[in-house]
Every structure is written in C-alpha cells, then in structure tokens.
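Here the structure comes first, spelled out in structure tokens, and everything after it is commentary.
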Amino acid sequence: MFNLKDDSKTSRRGMIKTLGLGLTFATLPSFMSSAMTEVSIDALDHGERIIPVKENELIEMQKFIEDCITANKESNPQEAVKEVLAKGVSNPSAMLKAIGEPTEAGLKVFLRSKNLTIFAASWTPQMNLMPHNHHMWANIGIYTGREDNIIWERSKDKLEANDVRCLFAGDVATLNINAIHSVTNPLQRFTGGLHIYGGDFFATERSQWNAETLNEEPSNGDVIRNIFKKANEQMIRMKND
Ligand SMILES: [Fe+2]
194 MFNLKDDSKT SRRGMIKTLG LGLTFATLPS FMSSAMTEVS IDALDHGERI IPVKENELIE
254 MQKFIEDCIT ANKESNPQEA VKEVLAKGVS NPSAMLKAIG EPTEAGLKVF LRSKNLTIFA
314 ASWTPQMNLM PHNHHMWANI GIYTGREDNI IWERSKDKLE ANDVRCLFAG DVATLNINAI
374 HSVTNPLQRF TGGLHIYGGD FFATERSQWN AETLNEEPSN GDVIRNIFKK ANEQMIRMKN
434 D
C-alpha cells in the first residue's frame, strides 16, 4: 500500500488524473486535497467505469462534501451522513444540476478517503447490477429516475431475497455493513443516485453473486467493467434503432 503522505506531488497528480477529475493538485479545493492525502494509490481501478468530474461540478458539490466529512466524524456517522444526504436530495433537480445530467453508465467520484467515499452513480435505462456487498455501511440518495433495490440475505449456503426498496428521486436508503443488494433501473431513462460509503469503497475486496445461479464470487473488476461497458453499448444501440 502506498500512502500519498509520503510521496511526491507527481504521485498526487497521478492519483487525481486517474480519478478523472481533470484538475491539477493546485486547483483542488482545500477540503479535497486534504482528504486525498489519506488515500492509498493502489486499487485505483477497481473495475468500475469512472466518469471525469468537471471543475464546476466539484465546486458545486463542495459544501455537500464538506458537510458529509463533518457528519462522518459524529458518534453515529451513517445516520449523520444520511441526514446530510436526505437534505441534499430533498431538492432533486438542484442536485441534478450540481452533478450534471447523466449521459452514460458510470461513477463520478467526488471523494475517496479511508473513511468515506462519495460518488454519483448513473444507470442507463433498465440497467441491472448483480447482488454484491460492500463490507461497509452505505447510504443511497436518488436525485433523478428510480433505483429498485433487492436486499438479499445469506440462508445456509445460498442467497435469498429478503426485502425490496424502490427509491424515487428524493428518497434515501441505508444499507448496513453486512448488506447484500442488487440494483435495477426499471425506467426507460437514466437514473442517478449519490452513493456514500463509510470507508474506501475502491480499496475493499467484496463479493458478488451470479445473477442466475446466485453463486458467490470475488468481486471482479473485469466483470463490473464489462457490465458498464455493455450497458453503454446497449444504450447506443437503442438510440440508433
Ligand atoms: Fe452497491
């Protein structure tokens, strides 16, 4: 593991470039650069498709991110961050404007640190993600579209669907540290949600479950990357039909 605290500015720039922020270290808001110093440089590409964050989007989101960082220091971080998230998506159109209209499946990473990850996830029409876990608490807040979550539970040696949560714009859901969920966008248009995790999402080994057999597999970056890639290709095909 490589700690940015101990390395040169070149590596910091490399980190930022890899996250696709398109900013030099000098132009990052102070809250962002201080959070970055806690980030390890390994596992930069965990398989998810990263969409570059534009400078104006980062600035628009600055207050929200700062509030999440502050809330995450409280005695019940998940609940405190949930309150910030609920307030943030209570005006979904304002949040959508700040983050930007989704145009492809992928993740816009606004913060990555050891204790907190914040990204906007966009799902193409009718996109699905297989059951997976996070090994850390997670809060999801929808700012456009709809995200249907199936909550799964381990039962003996297999997985069973246990609960369903249909999230519309303005809704917030919490997932505990052991949660397993699968995600569907049932709409014919994009869904966008803020996903906040109580740890470094990208540096954590996770599990995923085959959607048909429900066999558990290590979280595989190639598989997830392919899901995003196929979702984007399918969207282009639908547009051209
Ligand atoms: Fe998830």
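Numbers 194 to 434, taken from this note's numbering, label the letters of the sequence shown in order.
The beta-carbon is built from N, C-alpha and C at its ideal position, and this holds for glycine as well.
Mark residue i as exposed unless 16 or more other C-beta atoms lie within 10 angstroms of its C-beta, in which case mark it buried.
i	result
aspartate 393	buried
isoleucine 429	exposed
proline 411	exposed
asparagine 433	exposed
alanine 287	exposed
threonine 384	buried
phenylalanine 395	buried
asparagine 332	buried
lysine 275	buried
cysteine 359	exposed
lysine 301	buried
threonine 317	buried
lysine 357	Correcting the residue identity first, residue 357 is valine in this sequence and not lysine. Result: exposed.
glutamate 426	exposed
arginine 305	buried
asparagine 342	buried
serine 375	buried
asparagine 174	With the chain covering 194 to 434 only, the question about residue 174 has no answer from this structure.
asparagine 378	buried
serine 223	Unreliable placement is indicated for serine 223, whose pLDDT of 48 sits below 50; no coordinate value is reported for it.
methionine 431	exposed
Hey, quick one: how far does the beta strand (DSSP E) through residue i stretch, first residue to last?
i	result
lysine 401	As written in the sequence, residue 401 is glutamine, which differs from the lysine given in the question. Here the beta strand (DSSP E) through glutamine 401 covers 400-402.
glutamate 353	351-361
methionine 323	321-326
glutamate 410	409-411
leucine 380	Here leucine 380 belongs to no beta strand (DSSP E), and DSSP marks it neither H nor E.
alanine 366	365-368
Can you tell me where the alpha helix (DSSP H) holding residue i begins and where it ends?
i	result
isoleucine 258	248-264
**Message:** Just to be sure I understand the criterion: a residue counts if its Cβ is closer than 6 angstroms to at least one heavy atom of ligand 1. Which residues meet that?
**Reply:** His325, His327 and His374
**Asked** Enumerated in chain order, which unbroken segments of the alpha helix (DSSP H) with a length of 4 residues or greater are wholly contained in the stretch 280-341?
**Response** 285-292
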